[in-house]
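Heads up, the sequence shown is in my numbering, so the first residue is 44 and it goes up one at a time.
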Amino acid sequence: RAAAIDLAGRDIVEAVKMSVIPKVIETPRIAAVAKDGIQLIAVSRVTVRTNIDRLVGGAGEETIIARVGEGMVSTIGSAASHKDVLENPDHISKHILSKGLDAGTAYEILSIDIADVDVGENIGAKLQIDQANADKQIAQAKAEERRAMAVALEQEMRARVVEAEAEVPRAMAEAFHQGNLGIMDYYRMKNMQADTSMRDAIADAGDDPCAPKRK
44 RAAAIDLAGR DIVEAVKMSV IPKVIETPRI AAVAKDGIQL IAVSRVTVRT NIDRLVGGAG
104 EETIIARVGE GMVSTIGSAA SHKDVLENPD HISKHILSKG LDAGTAYEIL SIDIADVDVG
164 ENIGAKLQID QANADKQIAQ AKAEERRAMA VALEQEMRAR VVEAEAEVPR AMAEAFHQGN
224 LGIMDYYRMK NMQADTSMRD AIADAGDDPC APKRK
């Protein structure tokens with residue numbers, strides 16, 4: 044067995060030592076988000092003992108760390124509130140330990156202890172703010188589209204008015220030619236146009252804030 048362990052590239056002395064004196068593996072800081080949207084950052088210490096029978100062909104420390112990290116993310120993510128995790132961090136250890144994460148590895152997990160839990164960002168609120176900003180931009184884009192369509196429609200209506208006004212002299216000439224419009228009718232119409240133009244000018248001057256006020 045010692046020869047097989049040596050051929051597998053394992054340190055025999057360290058393996059035997061770890062089978063007698065367990066080793067503590069500290070995981071990196073693991074970030075996870077509870078259901079209430081609050082991020083928690085946790086560090087755990089995993090106490091392991093070498094399993095001599097599985098030392099050849101068994102996975103190493105990296106696998107243990109990865110599995111424990113995955114279990115922490117899953118457990119915190121299933122918590123209804125981050126407060127539940129802060130109040131009972133041992134629930135994380137018990138839940139992870141019950142999953143048999145040492146299967147197929149060269150180690151036997153003896154215990155998992157949560158060394159530290161810090162509160163991170165409010166991810167839920169941040170996502171809501173991002174969604175609100177996205178909705179706002181969409182609404183602004185649609186409003187700008189409606190405004191542009193309204194301006195285009197106004198320009199089209201003005202073009203039609205100009206086009207219709209251009210037909211007036213031609214219609215008048217045709218009416219004169221056919222005898223349907225007399226000279227008096229023509230002058231009355233011109234007077235009405237002049238009166239309308241004067242009223243429009245007065246109205247425009249009243250709307251202009253820079254126009255001089257009457258005393």
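Just so you know, even glycine gets a beta-carbon here, dropped at the ideal spot from N, CA and C.
Nonlocal neighbours in the same chain, by C-beta distance under 6 Å from Glu69, ignoring five residues either side:
When the five nearest sequence neighbours on each side are left out, the beta carbons in the same chain lying within less than 6 Å of the beta carbon of Glu69 are those of Arg88, in order along the chain.
Is Arg189 buried or exposed, if buried means 16 or more other CB atoms sit within 10 Å of its CB?
Arg189 should be labelled exposed.
Three or more beta-carbon pairs under 8 Å between the region 98-118 and the region 181-197, yes or no?
Segments in contact, no.
Distance between beta carbons of Ile139 and Ala75, contact taken as under 8 Å:
With 8 Å as the limit, Ala75 and Ile139 do not qualify as a contact, their Cβ atoms being about 12 Å apart.
Neighbourhood of Glu104 by C-beta distance below 7 Å, restricted to the same chain and skipping five residues each side
Excluding sequence neighbours, Glu104 sits near Ile68.
Counterpart residues of Ala74 in DSSP-defined beta bridges
For Ala74, which the question treats as bridged, DSSP gives the partners Ile84.
Given a cut-off of 8 Å on the beta-carbon distance, is the pair Asn176 and Gly80 in contact?
No. Outside cutoff.
Contacting residues, own chain, Cβ-Cβ under 6 Å from Ala122 (five flanking each side not counted):
By the criterion of a C-beta distance shorter than 6 Å, Ala122 is surrounded in its chain by Ala77 and Val128, once the five residues flanking it on both sides are discounted.
Quick one: Cα of Leu144 to Cα of Arg72, how far?
About 19 Å.
Expected contact under 8 Å - CB spacing of Ile157 and Ser136 to nearest Å:
6 Å between Cβ atoms; contact.
Going straight from the alpha carbon of Ala209 to that of Ala184, what length do you get?
Near 37 Å, if we compare the C-alpha coordinates of Ala184 and Ala209.
Among Lys142, Glu113, Leu83 and Ser141, which residue has its Cα nearest to the Cα of Ser124?
Residue nearest to Ser124 within the set Lys142, Glu113, Leu83 and Ser141 is Leu83 (criterion: CA-CA distance).
Helix, strand or coil for Ala195? Go by DSSP, reduced to three states.
Secondary structure of Ala195 (DSSP, three-state): helix.
Report the rounded CA-to-CA distance for Ala218 versus Ala193, giving the unit in angstroms.
Cα to Cα, Ala218 sits roughly 37 Å from Ala193.
Helix, strand or coil for Asn176 per DSSP?
Shown here, Asn176 sits in a helix according to DSSP, grouped into three states.
Quick test of your reading: Val91 and Lys66, contact by CB under 8 Å. State the CB separation rounded to the nearest angstrom.
Indeed, because the Cβ distance is near 6 Å, the residues count as touching under 8 Å.
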